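Peer 1: Pasting in a structure now, in structure tokens, and then I'll have a few things to ask.
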Amino acid sequence: GRSPLVQELSELEGQITAIKQQLQSAMRRKRELEQYQSENQQTNQTVTSQTTTHQSNQFVQYTQSHQQTHQHTNTLPEF
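Per the UniProt record's numbering, numbering of the sequence shown is gapless, rising by one per residue and ending at 79.
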């Protein structure tokens, strides 16, 4: 049969796929809300949107670098 290692790898890949999908939909939703917010109030919006965009870029870089190294850990970065 399949070794425990192979089984855990496939489980982790499934988790990663699910997390990616959640991340994509969350970021899409976030963009929609930010767009809605900036259309409705043009005050002090540039500063906040710049910082949030920077944070999500860092998160994407984090996930990409982990995909390249194939290091599987069950701990997610804290937002």
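A virtual CB, placed ideally from N, CA and C, is assigned to each residue, including glycine. Note that the structure is predicted; figures quoted are calculated from it, not measured.
How is Gly-1 classed by DSSP in three states: helix, strand or coil?
Peer 2: Gly-1 falls in the coil class under three-state DSSP.
Peer 1: Does DSSP put Gln-7 in a helix, in a strand, or in coil?
Peer 2: Three-state DSSP puts Gln-7 in a helix.
Peer 1: Between Leu-5 and Glu-11, what straight-line distance do the alpha-carbon atoms span, to the nearest angstrom?
Peer 2: C-alpha separation (whole angstroms): 10 Å.
Peer 1: Between Ala-18 and Gln-37, what straight-line distance do the alpha-carbon atoms span, to the nearest angstrom?
Peer 2: Each residue's alpha carbon lies about 28 Å from the other.
Peer 1: Helix, strand or coil for Gln-15 per DSSP?
Peer 2: The answer is helix: DSSP assigns Gln-15 an H, G or I state.
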